[in-house]
Every structure is written in C-alpha cells, then in structure tokens.
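Following: one structure in structure tokens, then a few remarks.
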Amino acid sequence: MSFIRNAATQSAADRLKGDERGLTPLHLASREGHTKVVQLLLRKGALFHSDYKDWTCLHHAASEGYTQTMEILLSANIKLLDKTDEDGSTALHVAAKAGHVAAVRLLLARGAEISLNNNDSSFLHEALQNGRKDVHLMDRCVIESEHDHNCPDYHIDYSFQWLQAPLEAMKMYKGKNLKIQPLAALNAMVKYNRIELLNHPVCKKYLAMKWCV
1 MSFIRNAATQ SAADRLKGDE RGLTPLHLAS REGHTKVVQL LLRKGALFHS
51 DYKDWTCLHH AASEGYTQTM EILLSANIKL LDKTDEDGST ALHVAAKAGH
101 VAAVRLLLAR GAEISLNNND SSFLHEALQN GRKDVHLMDR CVIESEHDHN
151 CPDYHIDYSF QWLQAPLEAM KMYKGKNLKI QPLAALNAMV KYNRIELLNH
201 PVCKKYLAMK WCV
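Heads up: the sequence shown begins at 1 in the UniProt record's numbering, then just goes up one per residue.
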C-alpha cells in the first residue's frame, strides 16, 4: 500500500519502474481497485506497461472484478481490451476464470474479442474449468421478438457465438494441420458436469441445428 500511496510524489521516471515482478504502481492500484489513485497516476503520465507475466493493468483489475477501475482504464486506453498475457489470455479470460460476472459483462459490452488462449480455451472454457456457475451468460444469447406469443410473427433468435470457435481462430487455423475441436464448449460442459448448461435452450438449439446438417 505504501508503494501506491507514494506514487503521487514520485518522479515521472519512478512511476514507470516496476518491482521484481515488473509490477508498477498502476498495476498495483488497478489490482486493489483504488480508482482515485489510478486516475491520479494516469494524469501524472503513467504508461500502460505489462508486468513480467505480460499482464496489463486491465488484467489486474479484471482478476479482482473492479469494474469501475476497468472503466477508467478502458476510457484511457481501449487497446487494453484485447491485450494478451504470456498464456494468450485477455482480461476477459481472467475475469471469467475468477468468476467476476459484472467484469465479464462489462468487457463483452465494450466489444471484447471472443478469442482462444494458448490452451485453446475461450472465456467460457475458463469459467467452466474453474466451476464458475454464473459466468456462462447464456440467457443473453436468447432474444425473443416483441410480438405476442400467440402471434404468427412471434419468433426467437439464438446466438451461438460463445459455443462456436471464434472466427479469427478459424481463419488462423485454416490451411494448417492444426484442427479446432468440434463442439469444444459443449464437450467442456460434459467434462465438468455442467448439466444445467447442457439443458439450456441455446445448447439444445445448437445441437438440434448440428444434427440437422
């Protein structure tokens, strides 16, 4: 804490320095959710360096679920949104792994890319592997029309974006010997015994669509 408190009185050069793990005052303030300190450091010219694990200040804020801090950081530098660490994980992966639903929602609302890390895991996989029951956000993938349920025009739209491999990953692997596992998200639900997710209307519709192809 003293390291953070002293940041305001440090010289510009000192504010760029990290400790033995490459953690700067901005990293530490972000991880602790000290919004006023984060704002002060940014006004004083703190740079968006990564630590020795390639975590940005956004990774640190997302790991603890500090959404207000995340908003400040993204407003200052939107490029932090899809920055990856040494494992290929973005702040979205980190937030999902830790089970911070509000942080996941914020990042998705800001347009975070649905990407795969070096373990071929999306943010949904990270949530499943770590038993995070509230991060799946499947209900956001079901959109009912505004018509009355008895109206012939009533319909439901389903989005399968979090069940399918990201488009960028598909493009990256195209033409290579590497192959993305089919139905990876659903297989992860089976592996980690997430029966309630497999019974979700989005998953049922997705499987029905696959079976009809």
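Note that CB positions come from ideal geometry on N, CA and C, so glycine has one too.
Item	Value
Opposing strand residues paired with V142 [DSSP bridges]	Y158
Where W211 falls, given that 16 or more other Cβ within 10 Å makes a residue buried	exposed
8 Å Cβ cutoff met for H27 and H60	yes
Close beta carbons around A96, own chain, < 6 Å, minus the five adjacent residues each side	V104, F123, E126, A127 and V135
Where D51 falls, given that 16 or more other Cβ within 10 Å makes a residue buried	buried
Reduced DSSP secondary structure (H/G/I, E/B, other) of S2	Any answer about S2 is weak, because its pLDDT of 49 lies below 50 and its placement is not dependable; what the coordinates show is given next. DSSP places S2 in helix when its eight states are reduced to three.
Spatially closest choice to E196 from S30, H49, D139 and D157, by CA coordinates	D139
Secondary structure of L124, DSSP reduced to three states	helix
Limits of the unbroken alpha helix (DSSP H) element including L197	I195 to L198
Rounded C-alpha distance that separates L74 from E64	16 Å
Extent of the continuous alpha helix (DSSP H) to which W211 belongs	P201 to C212
C-alpha distance - T90 paired with N150, whole-angstrom precision	44 Å
Contacting residues, own chain, Cβ-Cβ under 6 Å from residue 237 (five flanking each side not counted)	No answer is possible for residue 237: it lies beyond the span of the chain, which begins at 1 and ends at 213.
Integer-rounded CB distance, given that P25 should sit under 8 Å from L42	Not quite, the Cβ-Cβ distance comes to about 11 Å (not below 8 Å), so this is no contact.
Beta-carbon proximity of L106 to T67, cut-off 8 Å	yes
N- and C-terminal bounds of the alpha helix (DSSP H) containing T56	Careful: T56 lies outside any alpha helix (DSSP H) and carries neither H nor E.
Three-state secondary structure (DSSP) of E113	coil
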